[in-house]
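K.L.:
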């Protein structure tokens, strides 16, 4: 599980940094979960940040590498447990101290949460749908960094809209992109093909990081797709 | 994202920055979603596409690789295929680098992940290996081929089996196929063609020493590397059809006893006849290859049946050799005799004859012949003597 991070076995500085990086990526789905459970924006902010500090400081995920299943499910279970413990406390602990590595912009997160789907979705389903979108966004961020690193930021910015399937496939849009990049339409199509392939590859790598067994990938994807479909359209 | 009024609203993205989102409906699956600048596509489709059930379809498209450990990627045609420690190499578009495709299977460029070096991988489907005796025969032939080490033959490194497919790992040879070279040039200069033929004959001599017959000598199975200084290296590749000489006459096909194995355009009359073949069959195929090198076309053309008939019964179309020096015409006639007994009996006989041919050409050119360009590079037609004008001795030492 989480092969690219190495929880549990690796409590070194590198391992902690990797965990912090994952927390950065997936903090918002947990925030949305906390809000859905009725916590106030400020409490949700504190709970989310406190949870990640708890993980890091108490090595709460030290057994992750020995567990079977999905990191997403495990993380949510840990968070639920953490929320139960915390809400039983009479007062909220001061969390975080000087640690700034999981800085969650409260206002932004709350603005984001205001537009989450309607009431009948469970907190778990919202968490899953947000996790899926976070995963997609993170893969795109990784892809952007790759292109920028190769000095191809313009190519990325021009063609990122084509990463999906069945989008922007009119000849006119290809010509427009070709004009913007100063290359031929054929080359644009090749670039799009590569960008799309790479995006999907990054996506696979990211999902693979969050499951313990490759056999889990399919069910993980199915669960994420189900959540996205359940959440679709509710705000339209 | 749009609010109830349908107006775009601002929402933090994954980086907690503000981005516009816009409601869309996926044209593929109908799912409604909110698009951002970075995510303008349907999230459901993209996830399904990234992890879709496409490997099976891909395997059907490519039966030669049906049993490889494979991980399909997003565009359907792209996948990482593993055959034990050999990983099929992919091009920039994520597609397997295919070096050749024949009746027996597909040849790929691959990478030995253990030894960290490129190899050529030929994947042969089980249906071409037939029953147990055919498999054993194939194994024996592979072992014989593996013993063969010669600078003009790509070595067989490994024979393995993954699922229903057998595969050969062979030495990866840099360069172009002879077919590519001929296509690019139209036809080759005589001197270059003779040099390539000499090296192929040297390779066949090594094949013959192992009591093997290649059975599929042709331009696509000869790799050529032209060096800047004008020298050339030629290597026979693909010993996948190589046959041990001690097989019975009926075992001309690896898995299909009595069936034809090879490429009709370059096959010998005895290959079509379904009788036993020996190294003289390969010399005939080398003759056809040589013909193609110096004319740009094969001597016999048409449907497979027509080509087969012509190889067995039709006289050589010598009229097409108007621009070819007479000594080379004589050599071609010798190589392309219908009766194996009338050809060179071994590759070494051919190797001994070639210097005579070269010498005869040089003698006839003379120091000021000028029009007969025998420089190996660059290729292109030269004004050469016609066969009718030449009276070169049609006998070889």
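Chains as they are written, first to last, in the working numbering: chain A, -1 to 234; chain B, 123 to 519. Cβ atoms here follow ideal geometry from the backbone N, Cα and C, with glycine treated the same way. A quick note: this is a predicted structure, and the numbers were derived from the prediction, not measured.
Going straight from the alpha carbon of residue 137 of chain A to that of residue 173 of chain B, what length do you get?
P.N.:
14 angstroms
K.L.:
Quick check on DSSP: helix, strand or coil for residue 409 of chain B?
P.N.:
helix
K.L.:
Distance check for residue 156 of chain A and residue 146 of chain A, CA to CA, integer angstroms please.
P.N.:
13 angstroms
K.L.:
Nearest chain B C-beta to residue 162 of chain A closer than 8 angstroms, yes or no?
P.N.:
yes
K.L.:
Take residue 304 of chain B and list the residues in its own chain whose beta-carbon comes closer than 7 angstroms to its own, dropping the five residues that flank it on each side.
P.N.:
310, 341, 414, 415 and 418
K.L.:
Can you tell me the Cβ-Cβ gap for residue 111 of chain B and residue 433 of chain B, rounded? I've got them flagged as a contact below 8 angstroms.
P.N.:
The requested residue 111 of chain B is not part of the displayed model; chain B covers only 123 to 519.
K.L.:
For a contact defined as C-beta to C-beta under 7 angstroms, what are the partners of residue 166 of chain B on chain A?
P.N.:
223, 226 and 227
K.L.:
To the nearest angstrom, how far is it from the Cα of residue 36 of chain A to the Cα of residue 79 of chain A?
P.N.:
15 angstroms
K.L.:
Using DSSP with H/G/I as helix, E/B as strand and the rest coil, what is residue 49 of chain A?
P.N.:
helix
K.L.:
Just to confirm my understanding: we take residue 140 of chain A, look at its own chain, exclude 5 residues before and 5 after, and list those with CB closer than 6 angstroms. What are they?
P.N.:
200
K.L.:
Using only alpha-carbon positions, find the residue among B/448, B/361 and B/162 that is nearest to residue 266 of chain B.
P.N.:
B/361
K.L.:
Under the rule that 16 or more other beta-carbon atoms within 10 Å means buried, what is residue 140 of chain B, buried or exposed?
P.N.:
Any reading at residue 140 of chain B must be qualified, since the residue scores a pLDDT of 44, below 50, and its modelled position is unreliable; no value is offered.
K.L.:
Does the beta-carbon distance from residue 401 of chain B to residue 449 of chain B come in below 8 angstroms?
P.N.:
no
K.L.:
Using only alpha-carbon positions, find the residue among B/349, B/439, B/403 and B/264 that is nearest to residue 466 of chain B.
P.N.:
B/403
K.L.:
In chain A, what lies closer than 7 angstroms to residue 161 of chain B by C-beta?
P.N.:
134, 135 and 138
K.L.:
Checking the sheet assignment: what are the DSSP bridge partners for residue 240 of chain B?
P.N.:
B/233
K.L.:
Here's the rule I'm using: 16 or more other beta-carbon atoms within 10 Å means buried, otherwise exposed. How should residue 52 of chain A be labelled?
P.N.:
buried
K.L.:
Grab the span of the alpha helix (DSSP H) containing residue 69 of chain A for me, first residue to last.
P.N.:
69 to 86
K.L.:
Restricting to Cα atoms, I'd like to know which of B/345, B/274 and B/312 is closest to residue 453 of chain B.
P.N.:
Looking from the CA of residue 453 of chain B, the closest CA among B/345, B/274 and B/312 belongs to B/312.
K.L.:
Looking at C-alpha atoms only, which residue of B/243, B/451, B/231 and B/289 is the closest neighbour of residue 479 of chain B?
P.N.:
B/451
K.L.:
Alpha carbon to alpha carbon, how far is residue 336 of chain B from residue 358 of chain B?
P.N.:
9 angstroms
K.L.:
Per DSSP, what kind of secondary structure is residue 313 of chain B in: helix, strand or coil?
P.N.:
The answer is helix: DSSP assigns residue 313 of chain B an H, G or I state.
K.L.:
Suppose the cutoff is 6 angstroms on Cβ atoms and the five residues either side in sequence are ignored; what does the same chain contact list for residue 236 of chain B look like?
P.N.:
207
K.L.:
When DSSP labels each residue in this structure, what does residue 447 of chain B get in the three-state scheme?
P.N.:
coil
K.L.:
Which residues of chain B have a Cβ atom closer than 9 angstroms to the Cβ of residue 20 of chain A, listed in chain order?
P.N.:
Under the 9 angstroms cutoff, chain B gives no residues; its nearest Cβ is about 13 angstroms from residue 20 of chain A.
K.L.:
Where does residue 338 of chain B land, buried or exposed, given buried means 16+ other C-beta within 10 angstroms?
P.N.:
buried
K.L.:
For residue 333 of chain B, count neighbouring Cβ atoms within 10 angstroms of its own Cβ and tell me buried if that reaches 16, exposed if not.
P.N.:
exposed
K.L.:
Using three-state DSSP, classify residue 210 of chain B as helix, strand or coil.
P.N.:
Per DSSP, reduced to three states, the secondary structure at residue 210 of chain B is strand.
K.L.:
Name the two residues that bound the continuous alpha helix (DSSP H) containing residue 218 of chain A.
P.N.:
213 to 229
K.L.:
Residue 166 of chain B and residue 76 of chain A: beta carbons closer than 8 angstroms?
P.N.:
no
K.L.:
State buried or exposed for residue 218 of chain B, treating a residue as buried only when at least 16 other CB atoms are found within 10 Å of its CB.
P.N.:
buried
K.L.:
Quick one: grab the DSSP three-state call for residue 284 of chain B.
P.N.:
DSSP places residue 284 of chain B within a strand segment (E or B) once states are collapsed to three.
K.L.:
Quick check: is the beta carbon of residue 147 of chain A nearer than 8 angstroms to any beta carbon in chain B?
P.N.:
no
K.L.:
Count the CB pairs spanning the region 277 to 295 of chain B and the region 239 to 248 of chain B that are closer than 8 angstroms, and state whether there are at least three.
P.N.:
yes
K.L.:
Identify, in the order they occur along the chain, each residue of the same chain with its Cβ nearer than 6 angstroms to the Cβ of residue 186 of chain B, setting aside the five sequence neighbours on each side.
P.N.:
Annotation note: pLDDT 35 at residue 186 of chain B (below 50); position unreliable, no value reported.
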